[in-house]
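**Q** Here's a structure for you.
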Amino acid sequence: MPRRSTRFEALPAFPLAEMKAARRRLEAEGVDVIDLGAGDASLDPPPAVIERLREVAGDNAHSRYPFQMGLPAFREQIASWMQRRFGVTVDPWAEVLPLIGSKDGLAHIPFAFLNEGDAAIIPDPGYQAYLGGVTLAGGDPHLVALRPENDFLIPLDELPESVASRTRLVYLNYPNNPTTATAPDDYFEQSIRFCAEREAVLLHDNAYSEIAFDGYRPRSILEFDGARDVAVEFHSLSKTYNMTGWRLGWVAGNRETIVALSKVKSFMDTGQFLGVQAAGVAALESWEEWVPGNVATFKRRRDAAVRGLSEAGFDAALPKATMYVWVSVPGGESSQAFSTRALEQEGVIVMPGGALGAGGEGFFRIALTVTEERMLEATQRLGRLQRDSAC
Ligand SMILES: Cc1ncc(COP(=O)(O)O)c(C=O)c1O
Numbered sequence: 000m001p002r003r004s005t006r007f008e009a010l011p012a013f014p015l016a017e018m019k020a021a022r023r024r025l026e027a028e029g030v031d032v033i034d035l036g037a038g039d040a041s042l043d044p045p046p047a048v049i050e051r052l053r054e055v056a057g058d059n060a061h062s063r064y065p066f067q068m069g070l071p072a073f074r075e076q077i078a079s080w081m082q083r084r085f086g087v088t089v090d091p092w093a094e095v096l097p098l099i100g101s102k103d104g105l106a107h108i109p110f111a112f113l114n115e116g117d118a119a120i121i122p123d124p125g126y127q128a129y130l131g132g133v134t135l136a137g138g139d140p141h142l143v144a145l146r147p148e149n150d151f152l153i154p155l156d157e158l159p160e161s162v163a164s165r166t167r168l169v170y171l172n173y174p175n176n177p178t179t180a181t182a183p184d185d186y187f188e189q190s191i192r193f194c195a196e197r198e199a200v201l202l203h204d205n206a207y208s209e210i211a212f213d214g215y216r217p218r219s220i221l222e223f224d225g226a227r228d229v230a231v232e233f234h235s236l237s238k239t240y241n242m243t244g245w246r247l248g249w250v251a252g253n254r255e256t257i258v259a260l261s262k263v264k265s266f267m268d269t270g271q272f273l274g275v276q277a278a279g280v281a282a283l284e285s286w287e288e289w290v291p292g293n294v295a296t297f298k299r300r301r302d303a304a305v306r307g308l309s310e311a312g313f314d315a316a317l318p319k320a321t322m323y324v325w326v327s328v329p330g331g332e333s334s335q336a337f338s339t340r341a342l343e344q345e346g347v348i349v350m351p352g353g354a355l356g357a358g359g360e361g362f363f364r365i366a367l368t369v370t371e372e373r374m375l376e377a378t379q380r381l382g383r384l385q386r387d388s389a390c
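Position 80 of the sequence shown, counting from 1, maps to 79 under numbering that gives the first Met the number 0, and the rest follow consecutively.
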């Protein structure tokens with residue numbers, strides 16, 4: 000086997016890869032597996048999205064290279080949506096960049112900003128693309144534990160000076176995967192100030208901005224004063240429109256950062272299929288009409304999950320947003336050991352908190368991927384493990 004690079008060797012295992020293999024193995028053995036692992040709901044995209052893809056699939060103009068410009072109508076619809084949703088004005092040509100899913104931008108942006116020794120602040124637990132991108136680009140990932148005592152926020156003001164002075168990138172993600180935490184306005188304001196003082200780029204991952212409940216409306220960081228000088232925000236069609244496999248998202252905000260990311264990407268990819276971008280226009284056009292019903296579905300699943308978990312004796316807070324529930328592992332067992340028992344004894348796939356970073360230890364995550372009935376069935380099965388660990 001040829002030698003692998005030091006950067007490659009520094010990557011941890013990607014948590015979801017193992018779960019897919021475990022699911023296949025158990026199903027081959029005839030186990031009725033309930034998969035609450037990946038954030039990939041058993042729901043359909045809006046019908047208008049599928050219809051639009053059908054319409055444009057045979058149009059030769061959509062078969063050409065997209066390049067980083069992508070479909071002009073998609074850029075324009077993104078700018079229109081940012082205005083409708085957040086009251087934020089962005090220039091579709093200079094302050095927006097279409098992405099092949101938001102992961103594309105989150106993972107590639109460190110290549111534009113990090114030299115050896117430069118630090119990137121990364122939430123731990125967190126979406127693994129942050130760590131992957133920073134590690135492969137040769138930067139220094141500085142993981143900060145998200146803990147309940149800090150409301151799952153990163154206390155940027157408490158970073159040691161030896162790290163703060165080297166910080167070039169700060170990843171934030173609220174509403175947060177996996178903890179489901181949300182950030183108050185003053186936290187966004189402090190983060191913008193921190194990045195302005197340190198000449199760091201603030202990367203706000205807003206993949207869950209539309210999956211929020213009980214009247215809570217997540218904000219865009221671009222709504223805050225000074226954000227446009229330091230911040231870009233990543234959006235995704237994956238969760239809002241059940242389009243995980245379509246691979247479509249965008250980044251909006253600070254124009255120099257957008258130019259830099261666009262240049263990196265132009266050496267690595269040639270953009271998402273224009274037909275998918277046309278379907279993305281239909282998705283954003285359907286936002287007012289279609290998204291509330293989808294959120295209502297997630298809310299019913301959330302309520303079933305939290306009710307079932309509580310009845311089974313778990314400590315599970317009601318999330319204000321995201322498609323997850325973040326649950327304490329009972330009885331001091333490690334999150335990996337508990338998740339392995341859940342899979343092997345009860346056929347339920349949950350995400351061990353520790354697989355998303357050491358800061359996630361003591362918790363497991365369930366994703367609201369299945370119907371209320373299946374969710375209740377899953378929580379009852381998990382409850383049996385709870386009794387086992389109490390014996
Ligand atoms: C916090 C967070 N950001 C980004 C993504 C990636 O989304 P996309 O499908 O747009 O790449 C995910 C997917 O699970 C996520 O949880």
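All residues carry an ideal CB built from backbone N, CA and C; glycine is no exception.
Just to confirm, are Leu113 and Arg167 a CB contact at a threshold of 8 Å?
**A** Counted from its first residue, the sequence shown places residue 113 at position 114. Counted from its first residue, the sequence shown places residue 167 at position 168. Cβ atoms of Leu113 and Arg167: closer than 8 Å.
**Q** Just how far apart, CA to CA, sit Val404 and Trp325?
**A** There is simply no residue 404 to check, as the chain begins at 0 and stops at 390 in what is shown.
**Q** Please report the residue range of the alpha helix (DSSP H) in which Gly279 lies.
**A** Here the question's residue 279 lines up with position 280 in the sequence shown. Here the alpha helix (DSSP H) through Gly279 covers 273-284.
**Q** From Gly358 to Arg51, what does the alpha carbon distance come to, in whole angstroms?
**A** The residue you call residue 358 lines up with position 359 of the sequence shown. The residue you call residue 51 lines up with position 52 of the sequence shown. Rounded to whole angstroms, Gly358 to Arg51 spans 43 Å at the Cα level.
**Q** Tell me whether Leu158 counts as near ligand 1, meaning its Cβ is closer than 7 Å to at least one heavy atom of that ligand.
**A** Translated into positions along the sequence shown, residue 158 becomes position 159. Not under cutoff, so the answer is no.
**Q** Does the distance between the C-beta of Tyr170 and the nearest non-hydrogen atom of ligand 1 fall short of 7 Å?
**A** In the sequence shown, counting from the first residue as 1, residue 170 sits at position 171. Result no, Cβ not under 7 Å from ligand 1.
**Q** Can you round the beta-carbon distance between Trp80 and Leu283 to whole angstroms, since I take them to be within the 8 Å contact cut?
**A** Translated into positions along the sequence shown, residue 80 becomes position 81. Translated into positions along the sequence shown, residue 283 becomes position 284. About 5 Å separates the two Cβ atoms, so the contact holds.
**Q** Quick check on the burial criterion: 16 or more other C-beta atoms within 10 angstroms. Buried or exposed for Met267?
**A** For this step, residue 267 is matched to residue 268 along the sequence shown. Result: exposed.
**Q** Quick check on the DSSP output: the beta strand (DSSP E) that includes Ser235 runs from which residue to which?
**A** Against the sequence shown, residue 235 aligns to sequence position 236. Per DSSP, Ser235 belongs to the beta strand (DSSP E) from 230-235.
**Q** Could you check whether Thr256 and Gly307 sit closer than 8 Å to each other, using their CB atoms as the reference points?
**A** By 1-based counting over the sequence shown, the position of residue 307 is 308. By 1-based counting over the sequence shown, the position of residue 256 is 257. No, the pair does not count as a contact, with Cβ atoms beyond the cut-off.
**Q** Spell out a yes or no on whether the stretch 342-360 and the stretch 272-291 are touching, meaning 3 or more CB-CB pairs, one atom from each, closer than 8 Å.
**A** no
**Q** Mapping the DSSP letters down to three states, classify Gly144 as helix, strand or coil.
**A** Taking the sequence shown and counting its residues from 1, one reaches residue 144 at position 145. It should be noted that the sequence gives Ala, not Gly, for residue 144. Three-state result, Ala144: strand.
**Q** With DSSP collapsed to three states, give me the class of Phe66.
**A** By one-based count along the sequence shown, residue 66 stands at place 67. Phe66 falls in the coil class under three-state DSSP.
**Q** If I measure Cβ to Cβ from Val162 and keep anything under 6 Å in the same chain, skipping five residues before and after, which residues do I get?
**A** Sequence index remark: in the sequence shown, residue 162 carries index 163 (1-based). Excluding the 5 residues flanking it on each side, Val162 has same chain C-beta neighbours closer than 6 Å at Ala118, His141, in chain order.
**Q** Excluding five sequence neighbours on each side, which residues of the same chain lie with their C-beta closer than 8 Å to the C-beta of Thr370?
**A** Against the sequence shown, residue 370 aligns to sequence position 371. The residues are Ser41, Arg300.
**Q** Which whole-angstrom value is the C-beta distance of Trp289 and Pro45, which I expect to be below 8 Å?
**A** Taking the first residue of the sequence shown as position 1, residue 289 is located at position 290. Taking the first residue of the sequence shown as position 1, residue 45 is located at position 46. At roughly 5 Å, the Cβ-Cβ gap stays under 8 Å, so Trp289 and Pro45 are in contact.
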